[in-house]
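There are 2 protein chains.
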Amino acid sequence: MSADGSQKLLRIDLTSRSASEESIPREIMARYIGGAGLGVKYVFDEVPPETDPLSVENKLILACGPFTGTSIPCSSRMAVVAKSPLTGGMALGLTGGHFPSELAHAGYIAIIVQGKAEQPTFVAITGESVRFHDAAHVWGTRTSDCQQIIKDRLNNQNYRVACIGPAGEKLSRMACIINERRAAGRKGFGAIMGSKNLKAIAVLGTESVGIADDESFRQQRKQMGRWMKESPVLYPFFAKYGTSRGIDGHGARGYFPARNFQDTGEFVPIETLGSEARQAQTIGHASCAECPVGCGQLMLARTGRHAGILTEGPEYETIYSFGGQTGVADLDSVIAADRLSDEFGLDTMSAGVSIGFAMELFERGLLSSEDVDGLDLSFGNHESMLTLLEKIAMREGFGDVLADGVRVAAARLGKDTEYYAMHVKGLELPAYDPRGAMAQGMNLATAFTGADHNRGYAIQEIFGVPVPFEADRFSTERKGELTKWNQDVRTAVCDCPTLCAFVFDTALAAHALEHTAAVMNAVTGIELTPEEVQRVGERINNLARVFNVRAGFSRADDTLPTRVLTEPLKAGASKGHVVGVDEFNAMLDEYYLARGWDLATGVPSREKLAELGLEEALE
Amino acid sequence: MSADGSQKLLRIDLTSRSASEESIPREIMARYIGGAGLGVKYVFDEVPPETDPLSVENKLILACGPFTGTSIPCSSRMAVVAKSPLTGGMALGLTGGHFPSELAHAGYIAIIVQGKAEQPTFVAITGESVRFHDAAHVWGTRTSDCQQIIKDRLNNQNYRVACIGPAGEKLSRMACIINERRAAGRKGFGAIMGSKNLKAIAVLGTESVGIADDESFRQQRKQMGRWMKESPVLYPFFAKYGTSRGIDGHGARGYFPARNFQDTGEFVPIETLGSEARQAQTIGHASCAECPVGCGQLMLARTGRHAGILTEGPEYETIYSFGGQTGVADLDSVIAADRLSDEFGLDTMSAGVSIGFAMELFERGLLSSEDVDGLDLSFGNHESMLTLLEKIAMREGFGDVLADGVRVAAARLGKDTEYYAMHVKGLELPAYDPRGAMAQGMNLATAFTGADHNRGYAIQEIFGVPVPFEADRFSTERKGELTKWNQDVRTAVCDCPTLCAFVFDTALAAHALEHTAAVMNAVTGIELTPEEVQRVGERINNLARVFNVRAGFSRADDTLPTRVLTEPLKAGASKGHVVGVDEFNAMLDEYYLARGWDLATGVPSREKLAELGLEEALE
């Protein structure tokens, strides 16, 4: 950061093998804060909405926030933004680990990657130089090997490397970017890197991040530490169990989805995949930079051919996708699938849901054994799950049919298979059955990234956090308003500064807007009111919405799979509940009203855009 | 190194969790040079020959030489010495990579590890401190994960880590120590670490190694560089193909052993495993520290469930063990087996030979399908090979029978299975069928470490290097004398200073004694004549011999498997050749005479020991 509050951006052009620095003016920082805000802004400005996401015209933006690289706890987070190969709309993903901090220490708040390399390439960035290296010697490698070989090649083990695996090279629209053992997991960012012949970005930072007001910064950091310590959840549960605690609570409350959403509430493998069962195989914990919590669980498979396989995770969402969706109650298999996905650079969530989708089609006779290369795709067959996962990553046989997610697979397979494709806007559903959590479902239906739990997570329904008001998870009341609040505030206080959402969910929620404003001021000298912070979130969600509208999205895309709208749950603590078509439409109307969007089309009104100062979106 | 030519040794006591520095006097350095010499000397002095190798009384010595850490090419090598759990005699192994240099840069020429930790432990060494860390969070992990997690835990990616995998923890007598992607592979060092609850040693060095005479050092280094460039083999073949070139030449000359030494000369899978076939899957090269050659081949499996698996190797010996011995001509399977062995921390050679042994027993009906957990152990079954490998590493089912090598397995199985157990002194044979290379065979029969190609490799027979004289590989003439020379010189010029044997084999052989003396003098100020250098090698081989005699070895142990003594080869360029019992005994007599050892017992004479100044061995 410069003394005037501006920030430095690095633009990397793969076509010309050149790099240049640009200044992000203070005014843009004030309007977008950083991270997701910067990413959405730059994609909006530079990527035409009709762009083929895997063409040379798409751009990939890695954006930290002004907090990243400082000692604010849990700030080593980075937004990844582009046009999504999976949804066709604005994509936003987040990753942690050490890469974000390292990038900030190299002096850059963000990187824009554009163009396409002629040959497989990796880029090495320091504060002093940007170098383009031939990546032939790592092309085809799995992600952990790739990172190590690149450090060896650069003769410096301190680089942090973000890379793709074979799945990204093969342009799987479910491919992710892996840095260390973390992923910018969803929406196909890995395929974008693959399409650009970009195997990896290595970064080495040595600068510290400047602070505008040290005294205020120290106070805010201390205050944040107190809130974190006071949280009844953060250290007692997240530090001990990571996100895996979710299966116990969400399973018990009947919205842990199972067997492609057929058996939510019925198949709840807490006994083998629950947080207590996992403790026996948790050998340690892992932290992102600047994180005092360490929610990453290092877990070890113990038996059979998986013995000795380690993974950081599997996170709650992965237990859902490789455990719940496939009906595999075997922890070692889920650990193996998690690691394998990371190694191949494949999104665990989309991959597991896609396998669950294929399993349902197989059991219903819509896929024959011959169709699926002779595999027995019955729910619960863990060997088939792992084999199919490998096939997806390598686009081998039937794996190629699934490699671009359930929407594409259903379109290829025809025969009304779309009914069984559990996605919104092409993004596979996460581990919350909307029939048991209505605002959570509303977010999945309306988030600009598709069925994405990270946009407007309903902490009110899931964690019982009464901010800004309490909510009954089965009720439809005020769920549109709640969803807007959740989306705008989380975007503004987590995805932009950047800050780990778990801290928001479990400790900061009630203080987040004030806190973000105060830290923003302390770090950058930019003054924002809490209302203005929230407004940043709203601005980003509207700008992304306009991008999506121009890319062809309409009200019809803000929906949920027919199954969750119409089939009541058959078992568990949410038994009998269903979203309902009319109920859903009523919630959606209320959401659009709260947003100031047209009820018929879902398009933001000119008044709303003008109010948010989005002149760029008014054209 | 101190100005007086003494060196610093680090003694680590795991029982008391303490460490201390000791000085190795100049006089000891002059008598043993370093590396293997120091290791053998300290084990001789401190480990009673009757010690159970997996008891707390055994010690593990990691010893670099005075060249290590300097800019002498190919000097980042380290000897590992202990009493072997596999042979019961003196064990010596060598590893490369970056760990040896790093240790030298931490200021230590050697480490002695003694005692036993109460709980799984890893040790972190810098020039300033030695710290003992709880290793519960890496116990059970595979070796690449282990190394990464330890670097993360120490919060410094620059540590170099030597560790064991699950096989070492489970005390497999075939378990090795892995640092980076390199192994101190044979004789069960991994089991010794496991028996001491020592998961890993991490080292971080920041000092440079002092040079006594800079000008002379520069000259010697330059001269060595010239010899290396002049070599018709080193850069043209080793740099391009690594050791894999061996299969082409050795296969064509009929001593590439196949299917448990039944089909040497008949099964020669050059088409799929040969150096040219491998080029398509070689994506890059890897070097040890200070190595301008880079013989490490980074190879990538391409198909099926192995797709994307990387390995550094497989080296010639591993192509032999997982390709030749098991009859598996599939490169991807051999790559997968190589990587898996490294991850489990299992010696590829002993493991592959043990699997080949089981395959022969299976095909001969000496093992039933039931005996081997239902596996089809026919030669060539690559899936069974990989499954059995996993079982060996985890001691599961029949894997437990093989986990301690063929000698132990044959003793357990009985039924005259010993005939099919291809080992000497418990160490499985390497990739040279003695029937096609007699001096190579004599070395396998007489090396103090068992059937170890690394003790007195017959460069005359294998590479046609006419030093000290030419040799016909089928002839028995002067093979005893040649074997003594090979063992003594290689020990002195490679294993002690330390220096990569490949450079000796391909470029230095004719100059090695002079070169070693000159560099020794330049680095340490210690003056040795070329004859004295050779005498160091002889001293070490005699000291180790005395240790072995006291441990119970006699002339009867200096032998070769009956099969190679009595069954003529059925095919290939060495067809019809056999070692022959009488011929072998004649060669052994000649060897003992050359050595000054008693013909009946193989015990070194008192005169010889006195002549070598081995007062410590005279008691």
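Those sequence lines, one after another, are chains A and B.
Using this note's numbering, read the first sequence as starting at 1 and increasing by one per residue.
Using this note's numbering, read the second sequence as starting at 1001 and increasing by one per residue.
For glycine and all other residues, C-beta sits at the position ideal for the given N, C-alpha and C.
Ordered along the chain, which non-local residues of its own chain (more than five positions away) have a Cβ less than 6 Å from that of L528/A?
A517, M520
Return no unless some Cβ of chain B is closer than 8 Å to the Cβ of M385/A.
no
I'd like the span of the alpha helix (DSSP H) that includes D1214/B, first residue to last.
1214-1230
CB-CB under 6 Å to C288/A, same chain, minus the five flanking residues each way: which ones, in chain order?
S76, G96, G97
Is L1528/B close to chain A? Criterion is C-beta to C-beta, closer than 8 Å.
no
With C-beta atoms as the reference, is A351/A less than 8 Å away from M193/A?
no
Quick check: what's the CA-CA separation for C1163/B versus K1199/B?
6 Å
Cβ-Cβ distance between Y320/A and P257/A below 8 Å:
yes
Considering only C-alpha positions, which residue in the set T15/A, G576/A, D52/A, D342/A is nearest to G552/A?
D52/A
Can you list the residues of chain A that K1308/B reaches, using a CB-CB cut of under 8 Å?
The sequence given here has Gly at residue 1308/B, not Lys. Result: G140, T141, R142, G165, P166, E343, F344, A393, M394.
Excluding the five sequence neighbours on either side, which residues of its own chain have a C-beta within less than 8 Å of the C-beta of G1274/B, listed in chain order?
S1244, I1247, D1248, G1251
Considering only residues of the segment 1325-1407 of chain B, which uninterrupted beta strand (DSSP E) runs meet the minimum length of 3 residues and lie entirely inside it, listed in chain order?
none
Could you pull the DSSP bridge partners for Q7/A from this structure?
I24/A
Run of the alpha helix (DSSP H) containing R429/A, from where it starts to where it stops:
It is worth fixing the name first, because residue 429/A is Leu in this sequence and not Arg. Counting along the chain, L429/A falls outside any alpha helix (DSSP H), and DSSP gives it neither H nor E.
Reference Q1220/B, options R1278/B, A1403/B, H1515/B, Q1157/B, closest by Cα
H1515/B
Whose Cβ in chain A lies nearer than 8 Å to the Cβ of R1305/B?
T387, E390
Report yes or no: do three or more beta-carbon pairs, one from the segment 100-108 of chain A and one from the segment 202-218 of chain A, lie closer than 8 Å?
yes
Chain B beta carbons: is any one of them nearer than 8 Å to that of D332/A?
no
If we count Cβ pairs, one from each stretch, closer than 8 Å, do we get three or more for the segment 293-312 of chain A versus the segment 1137-1144 of chain B?
yes
Just the Cα atoms here: how many angstroms apart are I335/A and G324/A?
13 Å
Find out if the Cβ-Cβ distance for the pair D1213/B, A1522/B is shorter than 8 Å.
yes
Does the pairing of the segment 1393-1409 of chain B with the segment 1430-1445 of chain B give three or more beta-carbon distances under 8 Å?
no
Listing by chain order, which chain A residues have their CB less than 7 Å from the CB of Q1157/B?
Q157, N158
With distance defined between alpha-carbon atoms, name the residue in C1496/B, P1530/B, T1524/B, D1495/B nearest to A1510/B.
P1530/B
Is there at least one Cβ from chain C nearer than 8 Å to L1171/B's Cβ?
In the displayed structure, chain C is absent; the protein chains listed are A and B.
Pick from F322/A, M359/A, R339/A that is closest to M349/A, judged by C-alpha positions
F322/A
Assuming P1604/B and N1542/B are in contact, meaning their beta carbons sit under 8 Å apart, how far apart are those beta carbons, in whole angstroms?
5 Å
Interface flag, H1137/B vs chain A, CB-CB below 8 Å
yes
Residues of chain A with CB closer than 9 Å to the CB of D1376/B, please, in chain order.
Neighbours of D1376/B on chain A: none; closest Cβ ~16 Å, over 9 Å.
For a contact defined as C-beta to C-beta under 7 Å, what are the partners of L1300/B on chain A?
G140, T141
At what residues does the alpha helix (DSSP H) containing V1533/B begin and finish?
1530-1550
Should L389/A and L429/A be called a contact, given that it needs their Cβ atoms to be closer than 8 Å?
no
Enclosing alpha helix (DSSP H) for I1247/B [first to last residue]:
1245-1252
Can you list, in chain order, the residues of its chain whose CB lies under 7 Å from that of F1474/B, leaving out five sequence neighbours each side?
M1438, H1577
Which residue or residues does DSSP assign as beta-bridge partners of E1312/B?
L1298/B
Am I right that A184/A and V80/A are in contact with their C-beta atoms under 8 Å? What's the rounded C-beta distance?
4 Å
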